[in-house]
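For the record, in the sequence shown the residue sitting at position 113 is 112 according to numbering that gives the first Met the number 0, with numbers rising by one throughout.
By construction, the Cβ of each residue, glycine as well, lies at the ideal position given by its N, Cα and C atoms.
What follows is a set of notes on a single structure, which appears directly below.
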Amino acid sequence: MANTAPEPRLITLTAPMIPVAAAIHQAAFDEEGWDIRALSELLAMPGAQGRFAIGAGDQPLGFLLSLHILDTAELLTLAVDPVIRRHGVGIMLVRDFLANAKHGGATNAFLEVAEDNIPAISLYKREGFVSAGRRRDYYRRSGNIRVDAHVFRYPLAQI
Ligand SMILES: CC(C)(COP(=O)(O)OP(=O)(O)OC[C@H]1O[C@@H](n2cnc3c(N)ncnc32)[C@H](O)[C@@H]1OP(=O)(O)O)[C@@H](O)C(=O)NCCC(=O)NCCS
């Protein structure tokens, strides 16, 4: 049977949507999830942008926050509701981020991701991000466990 589910649509993440975004972030990152205050502060930063993916029946599916300063766009966070994983929402948000960065005049796009985050690293590599280094002990997990960050960049000139 053909899949007739509509494509998710992307809308600008505005302040009234932050509580829903925080709930998705906490479901996506467990105890490392960001709360309403943290997300509000990030979204209020000059150059911050947020995009929300919405599904059928206005179901919130996931979101991406980014920071655009001069010629650089940074992907700050990306979270997809665990109930809708592997349906293309993450890659849709990343492609939208790259297109917006390019459209806004950025020449560099980058992000940091925990070295053990296989789903996210797989997504970024598949999309064409390339490794640009490593930050030692960048993330702190419960139990005082430290995890390195991989830094990935995207060559925006190629799109
Ligand atoms: C990473 C994350 C955003 C991916 O969202 P998603 O909507 O499930 O991803 P997509 O369906 O768009 O996947 C696109 C591609 O990424 C790769 N990928 C995604 N999840 C994967 C997994 N669990 N294992 C391996 N590869 C994976 C695959 O190549 C996939 O394509 P495919 O399904 O055709 O094989 C989601 O798993 C998430 O929210 N994780 C927790 C938060 C997080 O880690 N955010 C990123 C921090 S930098």
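C-alpha distance - residue i paired with residue j, whole-angstrom precision
i: Gly87; j: Arg8; result: 12 Å
i: Arg84; j: Pro15; result: 24 Å
i: Arg140; j: Lys101; result: 34 Å
i: Phe128; j: Gly56; result: 33 Å
Residue burial classification, residue i (beta-carbon count within 10 angstroms, cutoff 16)
i: His24; result: buried
i: Leu69; result: exposed
Reduced DSSP category for residue i - H, G, I as helix; E, B as strand; rest coil
i: Ala105; result: coil
i: Glu73; result: strand
i: Phe128; result: coil
i: Leu139; result: The question names Leu, but residue 139 in the sequence shown is Arg. Note: Arg139 maps to strand in three-state DSSP.
i: Pro45; result: coil
i: Gly32; result: coil
i: Ile158; result: coil
Bridge partners - residue i, DSSP secondary structure assignment
i: Ala148; result: Ala113, Arg134
i: Leu122; result: According to DSSP, which records beta bridges pairwise, Leu122 is partnered with nothing at all.
i: Ile23; result: Answer is none; Ile23 lacks a bridge partner.
i: Thr11; result: Arg50
i: Pro18; result: In DSSP, Pro18 forms no bridge with anything.
i: Gly61; result: Ala52, Val79
Residues near residue i in its chain [Cβ-Cβ closer than 7 Å; skip 5 each side]
i: Ser130; result: His149, Phe151
Chain B contact for residue i (CB, 9 Å cutoff)
i: His86; result: Among the chains of the structure shown, chain B does not appear; only one protein chain is present.
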